[in-house]
Amino acid sequence: MSNAANTLKLPDLLARVHREIYIDLSRILSEDDGLPVEQWRVLSILAAEDGLSMSDLSERAFMTISALSKNIDRMVFRALVHRRQDSGDQRRVLTHITSFGREMLRNRTPAVERFCNDLSEALGPRDSQQLETLLRAVLAVRGN
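Using UniProt numbering, you'd call the opening residue of the sequence shown number 1 and step up by one each time.
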């Protein structure tokens with residue numbers, strides 16, 4: 001098989017790995033009253049840096065503004081986050097994690113960490129580190 005044929009398969013392979021990881025995380029996060037992967041990611045981001053604008057949150061969560069907005073609406077309804085006008089710029093709205101959102105995140109983090117650790121252990125330390133290095137290299141080549 002030629003190098004060109006292998007290269008053409010890389011996007012499909014990356015997409016499949018993403019899908020499999022997403023399915024596993026969805027299963028882990030959906031226990032009890034459920035937390036979609038996207039919402040878990042938003043809560044994780046806000047727990048680390050609360051009070052982000054939609055554009056900042058969109059960039060960090062790898063979501064379009066439209067998709068993020070729909071998720072934030074659902075999260076506000078579930079009392080996971082709330083919105084507040086930026087006191088420094090009345091045109092901006094900032095999103096904040098609630099205590100209930102922190103609790104949901106705290107309750108699910110151990111299962112997500114176990115999943116990540118199990119995956120790393122299955123690969124072994126050398127391959128796990130090499131995979132991370134290669135994925136970061138792909139992002140760097142893409143300018144990210």
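Glycine included, each C-beta is placed from N, C-alpha and C at the ideal position.
All values derive from a computational prediction rather than experimental measurement.
{"Asked": "Across which residues does DSSP place Val17 in a beta bridge pair?", "Found": "Partner(s): none; Val17 has no beta bridge."}
{"Asked": "What separation, rounded to the nearest whole angstrom, lies between the Cα atoms of His96 and Asn71?", "Found": "14 Å"}
{"Asked": "What does DSSP give as the partner residues of Leu94 in its beta bridges?", "Found": "Ser53, Arg84"}
{"Asked": "Who are the near neighbours of Leu105 in its chain, counting only those whose CB is closer than 6 Å to its CB and skipping five residues on each side?", "Found": "Leu43, Ala47"}
{"Asked": "For the candidate residues Leu29, Arg102, Leu134, whose alpha-carbon lies nearest to that of Leu10?", "Found": "Leu134"}
{"Asked": "Suppose you measure from the CA of Gln130 to the CA of Asp24; what does that come to, to the nearest Å?", "Found": "22 Å"}
{"Asked": "Per DSSP, what kind of secondary structure is Asp31 in: helix, strand or coil?", "Found": "The sequence shown places Glu at residue 31, not Asp. It is coil, neither helix nor strand."}
{"Asked": "With H, G and I counted as helix, E and B as strand and the rest as coil, what does DSSP make of Pro36?", "Found": "coil"}
{"Asked": "Evaluate contact between the segment 117-128 and the segment 50-62, counting only Cβ atoms and requiring at least three cross-stretch pairs below 8 Å.", "Found": "no"}
{"Asked": "How long is the line joining the alpha carbons of Gly101 and Val141, rounded to whole angstroms?", "Found": "36 Å"}
{"Asked": "Smallest Cα separation from Val112: which of Ala15, Arg16, Val17, Ser26?", "Found": "Ser26"}
{"Asked": "Answer with buried or exposed for Ala122, where buried requires no fewer than 16 other C-beta atoms within 10 angstroms of its C-beta.", "Found": "exposed"}
{"Asked": "Where does residue 150 sit, in a helix, a strand or coil, going by DSSP?", "Found": "No answer is possible for residue 150: it lies beyond the span of the chain, which begins at 1 and ends at 144."}
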